[in-house]
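J.: Residue numbers (my numbering): 2 to 497.
All residues carry an ideal CB built from backbone N, CA and C; glycine is no exception.
Keep in mind it's a predicted model, so treat the numbers as computed, not measured.
Take this structure, written in structure tokens, and hold onto it; I'll ask about it next.
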């Protein structure tokens, strides 16, 4: 096992990896930008070093600075977390060249699935079902029309090098195709430096289901169960659960086997995720993420497998400590991503200072967070406040526990998406497990969010009045964040 690991990331994922290191008696090095100097993750590490100004391009994406710190501190390995450099083949190769272990797959492997077009070809050759679409990048409108008409509208135009749903657009008729291709190319070039786009059949009422993979350097590959990630905004996940409500033992066996086969097709090592779209009884390869996923806690909770520790063990040269037969999913886990964002304004990020922060707790609750009272959510990075994960003996208990845990949260100072999560948990279709990636639009969830926010404004104002606090001041605070402080004492309210 390594003696010292540098974590090339920030926030809750940096702390998550540091916790695994601490349990394995591995020293940690944090790197931080100027605005993160006093962040919790920088204080949690055994040592911390600055790497540049706030913009990610000058700090968390600055390979030279990160590698320089690794050498100066004697770090033997670098864990990239997720985002930033986690799926950058150039960085993985540079680590190897400079004698530092990259905790993840090789640069060659990352590159092989970095292009969605190339990944689809590889998976199709391996016998994995793929969504019908163009075999190569779209060069001209005539070929695009031919592809779209051959597979049938609606189709979706995607950036080959893309991720996070950036640039994806649905096209329902030929007249819209040219403009969509051109706009997607512009977004792809700006966001990823690669203007290549392709076309796929757009699946109606799809569900997003993924399988966690672990693979060592001795050829051992297992899957660690399934997750459903269909509740999304702008093709980005907000709520995940494990297992999927539609999963059967037979379907899990089939999809899990294909996930393992997909990892073997690219000689994969370390932790990764094979993502599928499921529609009307069929499933198709979507993409592979060559890193630890944001939603990994739900898998850890239902299986008992510490994925971060397994990453460290595999990267240090150890064999997998689990066989496929060891993996059993027990109970149900749900994760809500609590962000500083405004669900009533198209989920626009809402950075600001946390004037008060208190997370929930109690039986079956896990909170992954890197914030505290007084912490500032900056506009430079993602707006994640914390990941709230719960476990229940079954799905109904997990939903009830999530509702309770959301009820306990206190966040003052920024607008959050907590009312959105409450609305979803209360939704009858969600409770029945009838999910699609269009869930928010199909069920007019934002209308329910508005009702929750209005109700909580009224309750917040009533509570302030009943306790004899400064009514207008407290009401303004509670209205701003769309929540109210149910069990607060008079002194706690007055401190605001």
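Alpha carbon to alpha carbon, what distance is there between residue 86 and residue 197?
T.: Their Cα atoms are separated by approximately 21 Å.
J.: Report, in whole angstroms, the separation of the C-beta atoms of residue 209 and residue 438, which I expect to be a contact under 8 Å.
T.: The C-beta distance from residue 209 to residue 438 rounds to 5 Å, short enough to meet the 8 Å contact threshold.
J.: Just reading off the beta strand (DSSP E) that residue 224 is part of, what are its end residues?
T.: Residues 222-234.
J.: Return yes when the Cβ of residue 414 is within less than 7 Å of the Cβ of residue 345, no when it is not.
T.: No, Cβ-Cβ distance for residue 345 and residue 414 is not below 7 Å.
J.: Quick check on this structure: which residue in 156, 323 and 91 has the alpha carbon closest to the alpha carbon of residue 226?
T.: 323
J.: Is residue 393 helix, strand or coil when you go by DSSP?
T.: strand
J.: Around the Cβ of residue 110, are there at least 16 other Cβ atoms within 10 angstroms (buried) or fewer (exposed)?
T.: buried
J.: How big is the Cα-Cα spacing for residue 1 and residue 440?
T.: What the structure shows of the chain is the stretch from 2 to 497, and residue 1 is not part of that stretch, so it cannot be assessed.
J.: Is the distance from the Cβ of residue 316 to the Cβ of residue 78 below 7 Å?
T.: yes
J.: Out of 423, 6 and 398, point me to the one whose CA is closest to residue 337's CA.
T.: Of the listed residues, the one whose Cα sits closest to residue 337 is 423.
J.: Return yes when the Cβ of residue 303 is within less than 7 Å of the Cβ of residue 330, no when it is not.
T.: yes
J.: Tell me which residue opens and which closes the alpha helix (DSSP H) that residue 209 is part of.
T.: First-last for residue 209: 208-216, but that is the beta strand (DSSP E), not the alpha helix (DSSP H).
J.: Would you mind stating whether residue 49 and residue 7 have Cβ atoms separated by less than 7 Å?
T.: Residue 49 places its beta carbon 7 Å or farther from that of residue 7.
J.: Note the first and the last residue of the continuous alpha helix (DSSP H) segment covering residue 256.
T.: 250-266
J.: Which residue marks the beginning of the beta strand (DSSP E) containing residue 289, and which one marks its end?
T.: Residue 289 -> beta strand (DSSP E) spans 283-290.
J.: Assuming residue 369 is part of the beta strand (DSSP E), what are its boundary residues?
T.: 366-370
J.: Starting from the Cα of residue 137, find the closest Cα among 436, 179 and 162 and give me that residue.
T.: 162
J.: Quick check on this structure: which residue in 247, 299 and 294 has the alpha carbon closest to the alpha carbon of residue 284?
T.: 247
J.: Flag this pair as yes or no: are the beta carbons of residue 216 and residue 154 separated by less than 7 Å?
T.: no
J.: Using only CA atoms, which one of 59, 23 and 15 lies nearest to residue 42?
T.: 15
J.: Find out if the Cβ-Cβ distance for the pair residue 367, residue 411 is shorter than 7 Å.
T.: no
J.: Determine the contact status of residue 334 and residue 243, defining contact as a CB-CB distance below 7 Å.
T.: yes
J.: Which residue spans inside the segment 131-203 form an unbroken beta strand (DSSP E) run of at least 3?
T.: 156-160, 170-172 and 198-202
J.: Over the uninterrupted alpha helix (DSSP H) stretch that includes residue 312, give me the two end residues.
T.: For residue 312, the enclosing alpha helix (DSSP H) has its first and last residue at 308-316.
J.: Decide if residue 458 is buried, meaning its Cβ has at least 16 other Cβ atoms within 10 Å, or exposed.
T.: buried
J.: Which residue or residues does DSSP assign as beta-bridge partners of residue 241?
T.: 336
J.: Given residue 130, which residues of its chain have a CB within under 6 Å of its CB, disregarding the five upstream and five downstream residues?
T.: 285
J.: According to the Cβ coordinates, are residue 293 and residue 260 closer than 7 Å?
T.: no
J.: Quick check on residue 7: does DSSP put it in helix, strand or coil?
T.: Note: residue 7 maps to strand in three-state DSSP.
J.: Closer than 7 Å by C-beta to residue 234: which residues in its own chain qualify, once you throw out the five before and the five after it? Chain order, please.
T.: 348 and 441
J.: Helix, strand or coil: how does DSSP classify residue 102 here?
T.: strand
J.: Would you say residue 99 and residue 68 are within 7 Å of each other, going by their C-beta atoms?
T.: yes
J.: Which residues in the same chain have their Cβ closer than 8 Å to the Cβ of residue 206, if we skip the five residues on either side of it in sequence?
T.: 280, 281, 437 and 439
J.: Within the same chain, show all residues whose beta-carbon is closer than 8 Å to that of residue 142, passing over the 5 residues directly before and after it, in chain order.
T.: Closer than 8 Å at the Cβ level, and outside the excluded window around residue 142, lie 178, 179 and 182.
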